[in-house]
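**Student:** Let me begin by handing over the structure; questions about it come next.
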Amino acid sequence: MKNQDYNSRRTFLRNLGAGASALSLPLAGFGETLTYQHEHSGIHSLVTNLDSVRSSQPGRKLGIALVGLGGYSKNQLAPALQQTQHCRLAGIVTGTPAKATEWMQKYNIPKENVYDYKNFDRIADNKDIDVIYVVLPNSMHAEYVIKAAQAGKHVICEKPMAIYPKECQAMIDACKKANKQLAIGYRLHYEPFTREVMRLGQEKVFGAVKFIESSDGFRSGDPTQWRLKKSMAGGGPLMDVGIYAIQGARYITGEEPISVSAQFAPKTDPVKFKDVEETMFWQFEFPGGAVSNSTTSYAAGVERLYASCEKGWFELSPAFGYGPLKGRTSKGPIEMPIVNHQAAHMDGVCKDLLDGKQLPDHVTGAEGLRDVTLLQAIYRAAETGRKINLKA
Ligand code: NAD
1 MKNQDYNSRR
11 TFLRNLGAGA
21 SALSLPLAGF
31 GETLTYQHEH
41 SGIHSLVTNL
51 DSVRSSQPGR
61 KLGIALVGLG
71 GYSKNQLAPA
81 LQQTQHCRLA
91 GIVTGTPAKA
101 TEWMQKYNIP
111 KENVYDYKNF
121 DRIADNKDID
131 VIYVVLPNSM
141 HAEYVIKAAQ
151 AGKHVICEKP
161 MAIYPKECQA
171 MIDACKKANK
181 QLAIGYRLHY
191 EPFTREVMRL
201 GQEKVFGAVK
211 FIESSDGFRS
221 GDPTQWRLKK
231 SMAGGGPLMD
241 VGIYAIQGAR
251 YITGEEPISV
261 SAQFAPKTDP
271 VKFKDVEETM
281 FWQFEFPGGA
291 VSNSTTSYAA
301 GVERLYASCE
311 KGWFELSPAF
321 GYGPLKGRTS
331 KGPIEMPIVN
341 HQAAHMDGVC
351 KDLLDGKQLP
361 DHVTGAEGLR
371 DVTLLQAIYR
381 AAETGRKINL
391 KA
């Protein structure tokens, strides 16, 4: 395949809407310079100009209430909500009165849109809030997603959707019963470099994918944080960032793995990591013949998604953080617009909600359930030392 073929195809997709059409995913519209950060390193970068995305209800913005005002809400979601076209920060749920005061002042949030965990259910009566975004420790996702659905609101839930598949199913069922939609915080599904590697892999632009290397890890800090407690996090780096590596292998192939093998690395700090794994590895086999190898770690940094194909290769590195993501192929660099991931994600979800559309399956609870099922299968494979057959 010639370089020109690769570039002209991308241009075609961009003209259709920056690749959005290939995956039915709207791009967030930004007419201004945005700032964004890597999930764990705090790198700042400047970006970008993208075409606007029109909504069928021009000017209307859905009101989002953030539940849990920790690092992700404070540093990423709230700033991103100052840039979104289809949603706005309307309310907060927090157990800390000092945070409530600070956020009300900073974001001009009216008192009647501020809740705590005890009066959360009263949010049902608040017409200003359309969507509840659950940004709590992993073990609390299921409880608050179910409460949000019962309050009659659409829900966005952070990744991992929950710790166990049966919790995911209960969350899906609660949203279905309430006739509300459930999105998972899969911000990369609205990110142009990520969508491009989805296309390269799934459309076999470099031929069939043979091998994928997909890894995500970082050096974790505070030894007292909930991320190191199995009861709250469900596990260690696999639950937190390993899920991105699982996603990478799945969205490059567009397939579900048929088997998994996994190994825990020895712990270099058994005190800090007494409750959860420090580093681990796993391998998937896919039905189309591709195999993948992945690492996740709280002891060392790694962030790479690489695919070797019959007629070339492509990769993103960095691949999973807040960006800027960077991509290359055996035919040259991948050039895509740089966006604020969180704004793109929330705008993408809210535009579909405003338009009365069903969210694309791969950003919903169905996708969250698939990932959580795989997370648990990886642990089972590592604990038993056996290759697990995942065929239904
Ligand atoms: P954090 O520790 O910074 O914040 C957690 C929040 O939950 C805090 O405000 C805390 O007060 C609140 N909380 C309520 N009850 C709690 C309890 N019993 N114990 C501990 N905290 C309690 O965590 P975070 O980094 O904001 O992560 C929150 C969620 O967001 C996690 O599920 C995480 O995986 C996800 N996340 C996603 C991304 C992404 O890029 N999609 C990035 C970071 C975090």
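Per the UniProt record's numbering, the very first residue in the sequence shown carries number 1; after that it's consecutive. Cβ atoms here follow ideal geometry from the backbone N, Cα and C, with glycine treated the same way. Everything numeric in this text was worked out from a predicted model, so none of it was measured.
Taking the alpha-carbon positions, what's the G152 to K118 distance?
**Tutor:** For this step, residue 152 is matched to residue 152 along the sequence shown. For this step, residue 118 is matched to residue 118 along the sequence shown. Between G152 and K118, the alpha-carbon positions lie close to 17 Å from each other.
**Student:** When you measure from the CB of H189 to every non-hydrogen atom of ligand 1, does any distance come out below 8 Å?
**Tutor:** In the sequence shown, counting from the first residue as 1, residue 189 sits at position 189. Flag unset: Cβ of H189 not near ligand 1.
**Student:** Please find out if some non-hydrogen atom of ligand 1 comes closer than 8 Å to the beta-carbon of M232.
**Tutor:** The count along the sequence shown starts at 1 and reaches residue 232 at position 232. Yes, ligand 1 has a heavy atom inside 8 Å of this Cβ.
**Student:** Of the residues L188, I146, M161, which one's Cα is nearest the Cα of N179?
**Tutor:** Mapped onto the sequence shown, residue 179 falls at position 179. If we check each option's Cα against that of N179, I146 comes out closest.
**Student:** List the residues that DSSP assigns as beta-bridge partners of A183.
**Tutor:** Here the question's residue 183 lines up with position 183 in the sequence shown. I156, T364, per the DSSP bridge assignment.
**Student:** Quick one, are the C-beta atoms of D275 and K229 less than 9 Å apart?
**Tutor:** Numbered from 1 along the sequence shown, position 275 holds the residue referred to as residue 275. Numbered from 1 along the sequence shown, position 229 holds the residue referred to as residue 229. Yes; because the gap between Cβ atoms is below 9 Å, this pair is in contact.
**Student:** How is the beta strand (DSSP E) around Y133 delimited, first residue to last?
**Tutor:** Position 133 of the sequence shown, counted from the start, is the residue given in the question as residue 133. 131-134 is the extent of the beta strand (DSSP E) around Y133.
**Student:** Would you call T268 buried or exposed, if buried means 16 or more other Cβ atoms sit within 10 Å of its Cβ?
**Tutor:** The sequence position of residue 268 within the sequence shown is 268, counting from 1. So T268 ends up on the exposed side.
**Student:** Restricting to Cα atoms, I'd like to know which of D128, F120, Y72, L69 is closest to C87.
**Tutor:** The residue given as residue 87 occupies position 87 in the sequence shown. Selected option, being the one with the closest Cα: D128.
**Student:** Can you tell me the Cα-Cα spacing of P165 and I378, whole angstroms?
**Tutor:** Taking the first residue of the sequence shown as position 1, residue 165 is located at position 165. Taking the first residue of the sequence shown as position 1, residue 378 is located at position 378. Rounded to the nearest angstrom, the two C-alpha atoms are 13 Å apart.
**Student:** Could you tell me if E39 is buried or exposed, where buried requires 16 or more neighbouring beta carbons within 10 angstroms of its beta carbon?
**Tutor:** What you label residue 39 is simply residue 39 of the sequence shown in a count that begins at 1. With a pLDDT of only 34 at E39, under 50, the local geometry of the prediction cannot be trusted, and no value is derived from it.
**Student:** Report all residues from its chain with a CB closer than 7 Å to the CB of Y244; omit the five preceding and five following residues, and keep chain order.
**Tutor:** As a first step, residue 244 must be located in the sequence shown, where it is residue number 244. For Y244, where only same-chain residues beyond five positions count, the Cβ hits under 7 Å are D216, F320.
**Student:** On a Cα-Cα basis, can you pick out the residue from A98, G385, L69, W103 that is closest to residue 409?
**Tutor:** The chain is shown from 1 up to 392; residue 409 falls before or after that span and cannot be answered.
**Student:** Taking residue 397 as part of the alpha helix (DSSP H), name the residues at either end of that continuous run.
**Tutor:** What is shown of the chain runs 1 to 392, which leaves residue 397 out entirely.
**Student:** Judging by CA-CA distance, which residue of N293, F284, L182 is the nearest neighbour of K391?
**Tutor:** Here residue 391 corresponds to residue number 391 of the sequence shown, with the count starting at 1. With distances taken between Cα atoms, K391 lies closest to F284.
**Student:** Taking C-alpha atoms, which residue in I212, L238, T96, V241 lies nearest to R250?
**Tutor:** Taking the sequence shown and counting its residues from 1, one reaches residue 250 at position 250. Of the candidates I212, L238, T96, V241, the one whose C-alpha sits nearest the C-alpha of R250 is I212.
**Student:** Is the closest heavy atom of ligand 1 to the C-beta of D240 under 8 Å?
**Tutor:** By 1-based counting over the sequence shown, the position of residue 240 is 240. Indeed, a heavy atom of ligand 1 lies less than 8 Å from the Cβ.
**Student:** Report buried or exposed for D5, applying the criterion of at least 16 other Cβ atoms within 10 angstroms of its Cβ.
**Tutor:** The residue labelled residue 5 in the question sits at position 5 within the sequence shown. Its pLDDT being 41, under 50, D5 is placed unreliably by the model, and nothing is read from it.
**Student:** Output needed for K387: all residues of its chain with C-beta closer than 8 Å, excluding positions within five of it in sequence on either side, in chain order.
**Tutor:** Stepping through the sequence shown from its first residue, residue 387 is reached at position 387. S259, V260, S261, A381, listed in sequence order.
**Student:** Should residue 395 go down as buried or exposed, given a rule of 16 or more other Cβ atoms within 10 Å for buried?
**Tutor:** In the structure displayed, the chain extends from 1 to 392; residue 395 sits before or after that span and is not available.
**Student:** Any idea what DSSP makes of P333, helix, strand or coil?
**Tutor:** Taking the sequence shown and counting its residues from 1, the one referred to as residue 333 is at position 333. P333: strand per DSSP, three-state reduction.
**Student:** With distances taken Cα to Cα, identify the nearest neighbour of T295 among P237, F273, P287.
**Tutor:** The sequence position of residue 295 within the sequence shown is 295, counting from 1. If we check each option's Cα against that of T295, P237 comes out closest.
**Student:** Would a check of beta-carbon distances place D361 closer than 9 Å to chain D?
**Tutor:** Within the model displayed, chain D is absent; a lone protein chain is all it includes.
**Student:** Secondary structure at L50, three-state DSSP: helix, strand or coil?
**Tutor:** Start at 1 with the first residue of the sequence shown, and residue 50 comes out as number 50. Low confidence applies here, because L50 scores a pLDDT of 35, under 50, leaving its location unreliable; read the following figure in that light. Three-state result, L50: coil.
**Student:** Would a C-beta distance cut-off of 9 Å place E196 and R370 closer than the cut-off?
**Tutor:** Within the sequence shown, the letter at position 196 stands for residue 196. Within the sequence shown, the letter at position 370 stands for residue 370. Result no, Cβ atoms of E196 and R370 do not sit closer than 9 Å.
**Student:** For the beta strand (DSSP E) containing F284, list its first residue and its last residue.
**Tutor:** Taking the sequence shown and counting its residues from 1, one reaches residue 284 at position 284. Counting along the chain, F284 sits inside the beta strand (DSSP E) bounded by residues 279-285.
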